[in-house]
Amino acid sequence: MSQYDDSQLGDKGKLYSVHKGKVITISLLYGLVAILMSAGCVYFTWKAQQGKPDVLQISRIIATGMCGLFGFVMMLWKGKDLSEKVRLYQNGIIVLNRKKALLLPYSRIDRIYWEIRRKQKKSGKDKIIHTLRIDSLDHDEEISLSSRRLIDAKELMEQIERGVSSWHLDGLCEALSKGEEIHFDDISLHVDYIRIPDGYINWSNFGGITLQNGMVYLVNKQDEPFYGVKLSKFPNFSLFTNLTQHICEQHQQQNEIVV
1 MSQYDDSQLG DKGKLYSVHK GKVITISLLY GLVAILMSAG CVYFTWKAQQ
51 GKPDVLQISR IIATGMCGLF GFVMMLWKGK DLSEKVRLYQ NGIIVLNRKK
101 ALLLPYSRID RIYWEIRRKQ KKSGKDKIIH TLRIDSLDHD EEISLSSRRL
151 IDAKELMEQI ERGVSSWHLD GLCEALSKGE EIHFDDISLH VDYIRIPDGY
201 INWSNFGGIT LQNGMVYLVN KQDEPFYGVK LSKFPNFSLF TNLTQHICEQ
251 HQQQNEIVV
């Protein structure tokens, strides 16, 4: 692992590691495949040497040999997943991924996307899988963190979401006070209205935000949705909710002053 400078990220926090038991189990399964296929390759090679080999025998030798090689390569490849970790810091995170260390200061994180999926287990109970996708201004590739791989992944994702929201909130509130629009893909926030693809809605008619079955709904005062989008396609959802709360509080204060 190459050395990296984490001084810009502030105080160190918790270290999040992968589910080692899962990684080791999968690696051992690939290793078992490699052993069995290699043994099969040796056996079929020995059988072929007892006489004149035919096409079927040669095909078995090639197939078992390739499967054995595949199992061996995958065993080594999956074993490297044990080195994957995420270090939480005061002002960002570092993702240690195989031979790379990706520094992600909150100030350079452009967008984060939540994805929540339900997977039914054999016991009948639902298993909830959380995924957080991160777009950084410093890296071309999207960074993905999943509860299927990391221990306490949901806790980590909530920390990242709070950190990004806290870092950008003050600057965006100042931009709103100057009359600027803040864009969240198809939705834009302004101190006087919310812009959606079909038009506008004034804050006096805005009823709030609801999250249901992986969908984000904006509702009016009658709790009727006027716009919906998948949570997995909604950038910076926590930041959006904090900004809408900030604007609503401002309008409430203005109404109290008028009264």
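For the sequence shown, the residue numbers in this note's numbering are 1 to 259. Note that beta-carbon positions come from the ideal geometry of N, C-alpha and C, so glycine has one too.
In this structure, the beta-carbon distance from LYS78 to TYR30 falls below 8 Å. Secondary structure at GLY10: coil, using DSSP grouped into helix, strand and coil. Beyond the five residues adjoining it in sequence on each side, GLU161 comes within less than 6 Å, by CB distance, of SER238 in the same chain, given in chain order. By the Cβ criterion, the region 65 to 82 is in contact with the region 20 to 28, since at least three pairs of Cβ atoms, one from each stretch, lie closer than 8 Å. Residue nearest to CYS41 within the set HIS251, ILE109 and ILE58 is ILE58 (criterion: CA-CA distance).
Going by C-alpha positions, SER188 is about 17 Å away from HIS251. Distance between GLY208 and VAL219, taken at the CA atoms: about 6 Å. Spanning the alpha carbons of GLN212 and VAL164 requires a straight line of approximately 23 Å. Per the C-alpha coordinates, the member of ALA153, ASP170 and ASP192 positioned closest to VAL95 is ALA153. Judged by beta-carbon spacing, VAL191 lies beyond the 8 Å limit of GLY199, meaning their Cβ atoms are not closer than that value. By the CB criterion at 8 Å, GLU142 and ARG133 fall inside the cutoff. Beta-bridge analysis with DSSP links SER144 to ARG133.
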